[in-house]
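For the sequence shown, position 328 (counting from the first letter as 1) is numbered 317 according to our numbering, and the numbering increases by one without interruption. We put the CB at the ideal spot given by N, CA and C, even for glycine. Since the structure is predicted, the reported quantities are computational estimates derived from the model, not experimental observations.
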Amino acid sequence: SSHAAAGHGHAQAAAAGGTVAATSVTTLAIDPARPADVRVELVARAERVSPPGGEPFDGFTLNGRTPGPTIRAKQGQLVEVVLRNEDVPAGVTAHWHGVDVPNAMDGVAGVTQDAVPPGESFTYRFVAEQVGTFWYHSHQASHPQVVGGLYGALILEPGDAAAAPATIADAVATVHTYPGGQRTINGAAGEVRQTAEPGATVRVRLINTDSTPTSAWVTGSAFRVLAVDGTDLNRPTPIDGGAVPLTAGGRADLEVTVPATGAVRVQVPGASLVVGPDRAEASTSPAPREELDLLDYGEPADVGFDPAQPDRRFRYDIGRMPGFLDGVPGYWWTINGGIVPAVPMYMVREGDVAVMTISNSSGEVHPMHLHGHHLLVLSRDGVPSSGSPWWVDSLNVEHGETYEVAFVADNPGIWMDHCHNLPHAAEGLMTHLAYV
Ligand code: C2O
Ligand code: CU
-10 SSHAAAGHGH
0 AQAAAAGGTV
10 AATSVTTLAI
20 DPARPADVRV
30 ELVARAERVS
40 PPGGEPFDGF
50 TLNGRTPGPT
60 IRAKQGQLVE
70 VVLRNEDVPA
80 GVTAHWHGVD
90 VPNAMDGVAG
100 VTQDAVPPGE
110 SFTYRFVAEQ
120 VGTFWYHSHQ
130 ASHPQVVGGL
140 YGALILEPGD
150 AAAAPATIAD
160 AVATVHTYPG
170 GQRTINGAAG
180 EVRQTAEPGA
190 TVRVRLINTD
200 STPTSAWVTG
210 SAFRVLAVDG
220 TDLNRPTPID
230 GGAVPLTAGG
240 RADLEVTVPA
250 TGAVRVQVPG
260 ASLVVGPDRA
270 EASTSPAPRE
280 ELDLLDYGEP
290 ADVGFDPAQP
300 DRRFRYDIGR
310 MPGFLDGVPG
320 YWWTINGGIV
330 PAVPMYMVRE
340 GDVAVMTISN
350 SSGEVHPMHL
360 HGHHLLVLSR
370 DGVPSSGSPW
380 WVDSLNVEHG
390 ETYEVAFVAD
400 NPGIWMDHCH
410 NLPHAAEGLM
420 THLAYV
């Protein structure tokens, strides 16, 4: 099969290079004969969608609904998703946002596969190696398709129950705003409820599928931020008040405890999730002014590599200028002063430690998303991270800010590195990381 051939070629290339790179399981071809542990079929359709609080629009569904089904798998399991395109004229794909899958499974139309045309299907197979909160969405005509409904939650759980305290139940909260509608959680507007007993500890998995940053806050419980972008934080402390930033595409897992009476409310502007006994009252509170700074939250821990001696240093300077994109005049985003295609492609060798400086002088905020890898935040505006290792796949970079991030190039392929404000990506704020 082509999978087996690709895996073999990779091994040969490593041998020919004279160095034996640490081969992660993601780079190995999955035995096509291995049966799937979790098998899901997703059927994409073009349909009229009636968004809560808005007029029907020409949107999309997965298995007749939006968001699509929540997909759950345990660490080590082989996930197989058959994506069938019933009638979406532009074609569809499935990208596993935040999951460092093998490149061929990344679901980027025009880069890792062709979009699946109407009447056809594509089978994704990957082993769940990470544990955490992720999501999936189409990566073909991403802006209209994601905002229009082609997305869902993807939850990867520890393989053995002992790895997670048995008392922690979870609640998925997928935040999304449909065209012309109001903000929704799991597709519903206003107040969404999750049943839990008094005293229960619940892991609320917030997923921001919108193109703009938001924040969440909690009323009725102290809380901890257990994880960001699918990676656990080290020793997060309880917080009483304050908002948790949620960048576009980003996730935050909050641990809340249901009080003896009443319920906990987790709010985002325009919608909320109430966790507690059925019909228990939950109070509301206005959005807090101050936001938790993940740069100094939690405690430092070993990250397994040394970013102080990188093999590569990259610069990703975001700006804006008048010019032409695909022959169309406009005021376009620039990377290192150029408009696509005059932008850098970031080249690495397998095993490289890379440090990237991302700066933004474009006048707007950009949630930067690298595929296939996680970025360790080293510093912001020269202030080094002093808290837990803060790993992201979606990083909110405000106008005037400069972040220094590091990653280990451990997943060969060609990977998009783009703004997750999806209209911005369509306006040229995108480039690629490639292995040589
Ligand atoms: Cu969530 Cu390139 O995408
Ligand atoms: Cu942007």
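- CA-CA distance, Pro275 to Ile19, rounds to 49 Å.
- Going by beta carbons, Ala185 and Ala211 fall outside the 8 Å limit.
- Three or more beta-carbon pairs separated by less than 8 Å link the stretch 407 to 414 to the stretch 356 to 370, which places the two stretches in contact.
- Residues of the same chain with a CB within less than 8 Å of the CB of Gly352, apart from the 5 flanking positions on each side, are Arg309, His388 in chain order.
- In this structure, Val394 sits near Met345, with a CB-CB distance shorter than 8 Å.
- The Cβ atoms of Gly231 and Pro277 lie closer than 8 Å to each other.
- Distance from the Cα of Leu215 is smallest, within the candidate group Pro107, Thr190, Pro258, Ala237, for Thr190.
- Residue state for Ala22 is assigned as coil, using DSSP reduced to three classes.
- Straight-line measurement puts the Cα of Val386 at about 15 Å from the Cα of Val372.
- At a Cβ-Cβ threshold of 8 Å, Val136 and Tyr113 do not count as neighbours.
- Using a 10 angstroms sphere on the CB of Asp199, the tally of other CB atoms reaches 16 or more, which defines it as buried.
- For Met336, the secondary structure class from DSSP, reduced to helix, strand or coil, is strand.
- Distances from the CB of Asn175 to the heavy atoms of the ligand CU are all 7 Å or more.
- Taking 7 Å as the cut-off, the C-beta of Met405 counts as close to a heavy atom of the ligand C2O.
- From the listed residues Thr122, Val100, Ala98, the smallest Cα separation to Val88 is found for Thr122.
- Using a 10 angstroms sphere on the CB of Phe313, the tally of other CB atoms stays under 16, which defines it as exposed.
- The distance from the Cβ of Pro91 to that of Phe111 is about 14 Å, inconsistent with a contact at the 8 Å cut-off.
- With 6 Å as the limit between CB and the heavy atoms of the ligand CU, the residues that fall short of it are His355, Cys408, Asn410, His413, Leu418.
- Under a 10 Å Cβ-count criterion, Arg304 is classified as exposed, with fewer than 16 other Cβ atoms of the shown protein chains found around its own Cβ.
- Glu36 and Asp370 have their alpha carbons spaced roughly 45 Å apart.
- When Cβ pairs closer than 8 Å are counted between the two stretches, the stretch 289 to 301 is seen not to touch the stretch 228 to 244, the count staying below three.
- For His360, the Cβ falls inside the 7 Å cut-off from some heavy atom of the ligand C2O.
- Gln119: not part of any alpha helix (DSSP H); DSSP gives it neither H nor E.
- At a Cβ-Cβ threshold of 8 Å, Val164 and Ala252 do not count as neighbours.
- Of the other Cβ atoms in all chains shown, 16 or more fall within 10 Å of the Cβ of Ala269; this residue is therefore buried.
- Shown here, Leu418 sits in coil according to DSSP, grouped into three states, outside any helix or strand.
- Excluding its 5 nearest sequence neighbours in each direction, Leu422 has C-beta neighbours in its own chain below 7 Å: Tyr335, Val337, Leu359, Trp404, Asp406, listed in chain order.
- In its chain, beyond the 5 residues on either side, Gln66, Leu67 have a beta carbon closer than 6 Å to the beta carbon of Asp26.
- If you look at Pro133, you'll find it in the alpha helix (DSSP H) that goes 131 to 136.
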